[in-house]
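Chemist: Before I ask anything, here is the structure I am working with.
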Amino acid sequence: MSTQPLSLVPGSAAAPRHHILSVLVENKAGVLARVAGLFSRRGFNIFSLAVAPTDNERLSRISIVVDVESAPLEQVVQQLHKLVNVVAISELAPSEAVERELLLATVAAGPDVRSQLIELVGVFGGEVVNVGPDRITVMVAGHPEKVDDFEGLLRDYERVELQRTGRVALPKLERRPGRDQGVG
Amino acid sequence: MQLTGAQALIKSLELQGVEVMFGLPGGAILPVYDPILDSSIRHILVRHEQGAGHMAEGYAMTTGRPGVAMVTSGPGATNVVTPLSNAYMDSTPLVVVSGQVSTAAIGTDAFQECDITGVTMGITKHNWLVKEAADIPRVVAAAFHVATTGRPGPVLIDVPKDVSNAQMEWYWPESLDELDLPGYHPVTVGDPAKVRQAVALLLAAERPVIYAGGGILKARAAQGLLEFAERTGIPVVTTLMARGAFPDSHPLCLGMPGMHGNFTAVTALQRSDLLLALGSRFDDRVTGKIDAFAPEAKVVHVDIDPAELGKVRVPDVPIAGDCRLVIDELLVALDAAGLPHDDAATRSDRGAAARPGTAAAGRPDLGPWWARLRDWQARFPYYYVQEDGGPLKPELVVETLRDLSPVDTVVVAGVGQHQMWASQYWRFDHPYTWVNSGGAGTMGFAVPAAIGAKVGRPDRTVWAIDGDGCFQMTAQELVTAAAERIPVKIAILNNAYLGMVRQWQEMFYAERYSEVYLSPDLPDYVKWAEAMGGVGIRVETPEEVAPAVEKANGIDDRPVVVDFRIDAFEKVFPMVPAGASNDAIVVHPDQADRPR
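Spelled out as structure tokens, the structure:
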């Protein structure tokens, strides 16, 4: 989980400690263990890791947020390439990627704070996904820094459980000259 | 044609050209042992599965062909873990087939079940758990392709018993596309722009050194290396894994660098202004303290594994490619750069003396560099003293073995002092004549590896130079050698100690000897050799060495063990203490006062 202070503006001058690797792997038994084992035995640190199938049923995509201070990115990439089941690797610097992450949290929500909480979730574009007598479960998705901010604000409440997915990312699209790129 | 999975497996091995395999049967691999009775493949029955793995390594290291071993599930498979790790560290192509419990029983802690693909994930280039009999030909073909291409290495195929017993329709993959390896694309040819940059640096260097590693042998590039070195007049060091990749007798050869390398090879790297690393990986045993290694040198690093480029030392010019192909490219680039074909003659020490001042325009004269190298060689050769009436010195044993055995003898070593003396005092003039455990440092490697080497090269004399500690770890394989009529020769340098550990305790632990004494007489090596179907000879004095070696060289129908009782207190010199800079190299005490 990303816990270090991050710049609030994606792609700003602050040197990032993390880098995102989008790794296309064969969808075979044991592949995740091979990737995780490689990071472990080479001493590379992972901030987060997310795995999902792709539209090609033979391939899965692993999104790994790597601590580039634990090892040079080039070395991590070259070692990953040596895994026979790794088909392709895209390196995404934070400034060159669109990143998203999802957070689920169950929070104590008595009558005194319930409306406050729902309002806060609304400000972050989230949803209330489950409601109990004295607790609610909320969901916020977005840029990981936005999710960090939301998680930080939840500290003022009694959190029962909290789970984040780890980030997924794709490369930013090329800008057309003279036009805005839209939401980053 | 319908075959069982087991029949398909053996047929696939035959189609891969396998002539010999090393193994030991058991429950889960039983179905695969049945068709071996009808196969052209020679199976050598070992006494312990570790022996099978090391034999396959010895076979691979001397023939250049993949070694094949077969074991059963559980303990059979775990016993071959050490050879897999050893082969992974030394990039030796190995295909290990292991039996596995039936697919329905996997994950239930069944009898002799072990998750061997999980265990060996980090010490194989790749491994496969075969789930369907129909996959067997494709997986075997893929396994040999992965083991032998790119940076070679060990692979493992785990075959559940029900998969071996199941029927399948026979086929054989006709092309690489059918191997289902979408992520496997080893590099071969170097980037031409990088090759030109490398040549520019080489021709500008005043103190260049070729740092040749085991990759030269893997790429079968020894001939290219010779041509390149002679063309440029650049000195060559050969690492422990590259002994024989460049002839020791050649005037351009400086020998072995590293922790127990000779002073000139170690110091040449340290003082160099350009290192051409060919198939070497900046191992800590070569570099010493990495921050202090070759501080003035620019580095051109050629390796088939892109992950080696910059792993330890960031190169000025990284070239990912096969050493043989890249050396060919370098030679072409030398022509393109206009290097005269007699250039080396004008620059080596011989040429500089004969034709002073003939350095071609632009390229620095290597004469002064060669003068320094020759001076170091004269002042700091390998050195030992055999005193009259004193205890037998191990260096004398190695020199006598060398001088009385054929020049193309294959020498095999375990790990420790004996390994270093063998590498230092043998004269390696031919590739593929040196077999040892480098990266992993596996004690007990020598006896089984020598057997595998002799199986691969029955025309050659094979001498294992072993330590008494190492010998006791795997000696039982001499029973295999006797039973299979594989006449290997074992020279035990018996100092009654775990000698290298004893040396470290003497030098770095204030002579506090902890758990290193073994006894010269227990076991009785002569009786043990005889009990295993071999000949045993004991040697206690320098005078007995040559007759014993001649007697052993005359025996060609069974294994021979010579128990050389050597000086227990002899140390290996030079030595760079672990973690120290190569500049802190400790030479033999008799050389310590000489100016460097």
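Chains as they are written, first to last, in our numbering: chain A, 28 to 211; chain B, 6 to 601. Built from N, CA and C at the ideal position, the CB exists for glycine as well.
1) When DSSP labels each residue in this structure, what does residue 67/A get in the three-state scheme?
2) Just how far apart, CA to CA, sit residue 42/B and residue 36/B?
3) When we look at the beta-carbon of residue 123/A and count the other beta-carbons within 10 Å, is it buried (16 or more) or exposed?
4) Which bits of chain B does residue 111/A rub up against, with CB to CB less than 7 Å?
5) Is residue 78/B closer than 8 Å to residue 104/B when the C-beta atoms are compared?
6) Measuring only the C-alpha atoms, how far is residue 234/B from residue 302/B?
7) For the segment 109-134 of chain B, enumerate the residues whose C-beta is nearer than 8 Å to any C-beta of chain A, in chain order.
8) Name, going along the chain, the residues of the segment 67-87 of chain A whose beta-carbon falls closer than 9 Å to a beta-carbon of chain B.
9) Compare the C-beta of residue 132/A with all C-beta atoms of chain E and state if any pair is closer than 8 Å.
10) Reducing DSSP to helix, strand and coil, say where residue 118/A ends up.
11) Any residues in the segment 300-315 of chain B with a beta carbon nearer than 9 Å to a beta carbon of chain A? Which ones, in chain order?
12) Thinking C-beta only, is residue 560/B closer than 8 Å to residue 492/B?
13) Would you kindly work out how many angstroms separate the C-alpha atoms of residue 10/B and residue 16/B, rounded to a whole number?
14) Quick check: residue 71/A and residue 98/A, are their CB atoms within less than 8 Å of each other?
15) What residues in the segment 92-119 of chain A bring their beta carbon closer than 8 Å to a beta carbon of chain B?
16) Closest to residue 447/B by CA distance: which of 421/B, 577/B and 427/B is it?
17) I need the straight-line Cα distance from residue 461/B to residue 74/B, nearest angstrom please.
18) State the CB to CB distance for the pair residue 165/A and residue 154/A, rounded to an integer number of angstroms; the pair is presumed to be in contact (CB under 8 Å).
19) Can you give me the C-alpha to C-alpha distance between residue 360/B and residue 64/A, rounded to a whole angstrom?
20) What residues of chain B sit near residue 60/A, judged by a beta carbon separation below 8 Å?
21) Which of helix, strand or coil does DSSP assign to residue 159/A?
22) Rounded to a whole number of angstroms, what is the C-alpha to C-alpha distance between residue 138/A and residue 59/A?
23) Quick check: the Cα distance between residue 47/A and residue 119/A, rounded to an integer number of angstroms?
24) Can you check the segment 452-481 of chain B for any alpha helix (DSSP H) of at least 4 residues that lies completely inside it and give the ranges in chain order?
25) Which of the three DSSP states is assigned to residue 270/B in this structure?
26) With 8 Å set as the bound, which would you pick, yes or no: does the beta-carbon of residue 53/A sit closer than that to a beta-carbon of chain B?
27) Nearest to residue 600/B by alpha carbon, out of 268/B, 367/B and 344/B?
28) Cα-Cα, which of 390/B, 444/B, 251/B and 395/B is closest to residue 93/B?
29) Can you pull the chain B neighbours of residue 159/A, defined as C-beta to C-beta under 7 Å?
30) So what does DSSP say about residue 126/B, is it helix, strand or coil?
31) Please look up how many angstroms separate the CB atoms of residue 102/B and residue 164/B, rounded, as I've assumed it's under 8 Å.
32) What separation, rounded to the nearest whole angstrom, lies between the Cα atoms of residue 553/B and residue 567/B?
33) What do you reckon, is the C-beta of residue 333/B under 7 Å from a heavy atom of the ligand FAD?
34) Any contact of the segment 181-197 of chain B with the segment 149-165 of chain B, i.e. 3+ C-beta pairs under 8 Å?
35) Got a sec: which bits of the segment 178-199 of chain A sit with their beta carbon under 8 Å from any beta carbon on chain B, in order along the chain?
36) Apart from the five residues just before and just after residue 169/B, which ones in its own chain have a Cβ nearer than 6 Å to its Cβ?
Modeler: Quick look at the numbers:
1) Walking along the first sequence from the start, residue 67/A turns up at place 40. DSSP places residue 67/A in helix when its eight states are reduced to three.
2) Counting from one through the second sequence, the residue named residue 42/B turns up at place 37. Counting from one through the second sequence, the residue named residue 36/B turns up at place 31. Inter-residue distance for residue 42/B and residue 36/B is about 11 Å (C-alpha atoms, whole angstroms).
3) Counting from 1 along the first sequence, the entry for residue 123/A is found at position 96. By the neighbour-count criterion, in which a residue is buried when 16 or more other Cβ atoms sit within 10 angstroms of its Cβ, residue 123/A is exposed.
4) Counting from one through the first sequence, the residue named residue 111/A turns up at place 84. Simply 131, 151, 186, 188 and 189.
5) Translated into positions along the second sequence, residue 104/B becomes position 99. Translated into positions along the second sequence, residue 78/B becomes position 73. Remark: C-beta atoms of residue 104/B and residue 78/B approach each other more closely than 8 Å.
6) Sequence index remark: in the second sequence, residue 234/B carries index 229 (1-based). Sequence index remark: in the second sequence, residue 302/B carries index 297 (1-based). CA-to-CA, the gap between residue 234/B and residue 302/B works out to about 18 Å.
7) The residues in question are 122, 123, 126, 127, 130, 131 and 134.
8) Going along the segment 67-87 of chain A in chain order, one finds 67, 68, 85 and 86 with a Cβ nearer than 9 Å to chain B.
9) The chain labelled as chain E is not found among the protein chains of the depicted structure, namely A and B.
10) In the first sequence, the residue the question calls residue 118/A occupies position 91. Residue 118/A falls in the strand class under three-state DSSP.
11) So the list reads 310, 311, 312, 313, 314 and 315, given in the order they occur along the chain.
12) Taking the second sequence and counting its residues from 1, the one referred to as residue 492/B is at position 487. Taking the second sequence and counting its residues from 1, the one referred to as residue 560/B is at position 555. A contact, by the Cβ cut-off of 8 Å.
13) As a working note, residue 10/B is residue 5 in the second sequence. As a working note, residue 16/B is residue 11 in the second sequence. Rounded to the nearest angstrom, the two C-alpha atoms are 10 Å apart.
14) For this step, residue 71/A is matched to residue 44 along the first sequence. For this step, residue 98/A is matched to residue 71 along the first sequence. Using a Cβ distance threshold of 8 Å, residue 71/A and residue 98/A count as a contacting pair.
15) For the segment 92-119 of chain A, which is checked against every Cβ of chain B, the residues closer than 8 Å are 99, 101, 102, 105, 106, 108, 109, 110, 111, 112, 113, 114 and 115.
16) For the purposes of this step, residue 447/B is identified with residue 442 of the second sequence, where counting begins at 1. Ranked by Cα distance from residue 447/B, the options 421/B, 577/B and 427/B are led by 421/B.
17) Mapped onto the second sequence, residue 461/B falls at position 456. Mapped onto the second sequence, residue 74/B falls at position 69. Roughly 14 Å between the two C-alpha positions.
18) Along the first sequence, one-based indexing puts residue 165/A at 138. Along the first sequence, one-based indexing puts residue 154/A at 127. Confirmed, Cβ separation roughly 7 Å.
19) Along the second sequence, one-based indexing puts residue 360/B at 355. Along the first sequence, one-based indexing puts residue 64/A at 37. Bear in mind that a pLDDT of 40 at residue 360/B, under 50, signals an unreliable position, so the number given afterwards is only what the model happens to contain. If you draw a straight line from the Cα of residue 360/B to the Cα of residue 64/A, it is about 59 Å long.
20) Taking the first sequence and counting its residues from 1, one reaches residue 60/A at position 33. Correct list: 123 and 126.
21) On the first sequence, residue 159/A is found 132 positions in, with the first residue counted as 1. Residue 159/A falls in the coil class under three-state DSSP.
22) On the first sequence, position 111 is the one that residue 138/A refers to. On the first sequence, position 32 is the one that residue 59/A refers to. If I take the Cα positions, the gap works out to 44 Å.
23) Locating residue 47/A in the first sequence gives position 20, counting from the first residue. Locating residue 119/A in the first sequence gives position 92, counting from the first residue. For residue 47/A and residue 119/A, the distance between alpha carbons rounds to 5 Å.
24) Listed in chain order, the complete alpha helix (DSSP H) runs (minimum 4 residues) inside the segment 452-481 of chain B are 473-479.
25) Start at 1 with the first residue of the second sequence, and residue 270/B comes out as number 265. Here DSSP, grouped into helix, strand and coil, assigns residue 270/B to helix.
26) If you number the first sequence from 1, residue 53/A lands on position 26. Residue 53/A has a beta carbon lying within less than 8 Å of a beta carbon in chain B.
27) Counting from 1 along the second sequence, the entry for residue 600/B is found at position 595. The residue with the shortest Cα to Cα distance from residue 600/B is 268/B.
28) Counting from 1 along the second sequence, the entry for residue 93/B is found at position 88. Selected option, being the one with the closest Cα: 444/B.
29) As a working mapping, residue 159/A is identified with position 132 in the first sequence. Scanning chain B for C-beta atoms nearer than 7 Å to the C-beta of residue 159/A yields nothing, as the closest lies near 38 Å away.
30) Within the second sequence, numbered from 1, the residue matching residue 126/B stands at position 121. Note: residue 126/B maps to helix in three-state DSSP.
31) Counting from 1 along the second sequence, the entry for residue 102/B is found at position 97. Counting from 1 along the second sequence, the entry for residue 164/B is found at position 159. Contact between residue 102/B and residue 164/B holds: CB atoms are separated by about 6 Å, below the 8 Å threshold.
32) Your numbering for residue 553/B matches position 548 in the second sequence. Your numbering for residue 567/B matches position 562 in the second sequence. Cα to Cα, the separation comes out at about 8 Å.
33) In the structure on display, the ligand FAD does not appear, and there are no ligands present to speak of.
34) Taking 8 Å as the limit for Cβ pairs, the verdict is that the segment 149-165 of chain B does touch the segment 181-197 of chain B.
35) Contacts with chain B (Cβ-Cβ distance below 8 Å) from the segment 178-199 of chain A involve no residue at all.
36) Here residue 169/B is taken as the residue at index 164 of the second sequence, counted from 1. Hits under 6 Å: 10, 11, 36 and 37.
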